[in-house]
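Quick notes on the structure that follows.
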Amino acid sequence: MGALPRERKPYQQLAYPKYNQTKKKLPEILRKELNLQENLIAQNPLLGMPKKGELRGIYVHKFNLLGQEYLLAYRPDHKAKAIIFLAIGGHENFYRDLAHYLKKQEN
4 MGALPRERKP
14 YQQLAYPKYN
24 QTKKKLPEIL
34 RKELNLQENL
44 IAQNPLLGMP
54 KKGELRGIYV
64 HKFNLLGQEY
74 LLAYRPDHKA
84 KAIIFLAIGG
94 HENFYRDLAH
104 YLKKQEN
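This note's numbering puts the first residue of the sequence shown at 4, with every later residue one more than the last.
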């Protein structure tokens, strides 16, 4: 009989301050769903879709709640076994605002 597959240890979850501020302001039902989505990503860091261009290295995971689509941006750090959550929001201007915010963080 073969050995059972080893369960992978989830990645550590980190977040930018703006992400935490936004999350605090969300309704409780959305915060609970967001916690579930974060845990899914920590178990499988490649769950989201990789972005290209100026957002290279960033993944975006989409999920729906109460008929609304939400986008969750994160950056996996495979060496450190960590996920850095960057932004949460609806689709309108999400990528533009994310790119602008990340440029400000670099300066």
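Virtual Cβ for every residue (Gly too), placed ideally from N, Cα, C.
In chain order, what residues of the same chain lie with their CB nearer than 8 Å to the CB of P13, ignoring the 5 residues before and after it?
Along the sequence shown, read from residue 1 onward, the residue named residue 13 stands at position 10. Result list for P13: N42, A45, Q46, in chain order.
What is the DSSP secondary structure of Y1, reduced to helix, strand or coil?
The chain is shown only over 4 to 110; residue 1 falls outside these bounds and no answer can be derived.
Taking contact to mean at least 3 C-beta pairs separated by less than 8 Å, is the stretch 67-79 in contact with the stretch 30-40?
With a cut-off of 8 Å, the stretch 30-40 and the stretch 67-79 count as touching, because enough Cβ pairs lie within range.
CB Y62 to CB P79, shorter than 8 Å?
Locating residue 62 in the sequence shown gives position 59, where the first residue counts as 1. Locating residue 79 in the sequence shown gives position 76, where the first residue counts as 1. Yes, the Cβ-Cβ distance between Y62 and P79 is below 8 Å.
In whole angstroms, what separates the C-alpha of N110 from that of F88?
As a position in the sequence shown, residue 110 is number 107, starting the count at 1. As a position in the sequence shown, residue 88 is number 85, starting the count at 1. So the alpha carbons of these two residues sit roughly 19 Å apart.
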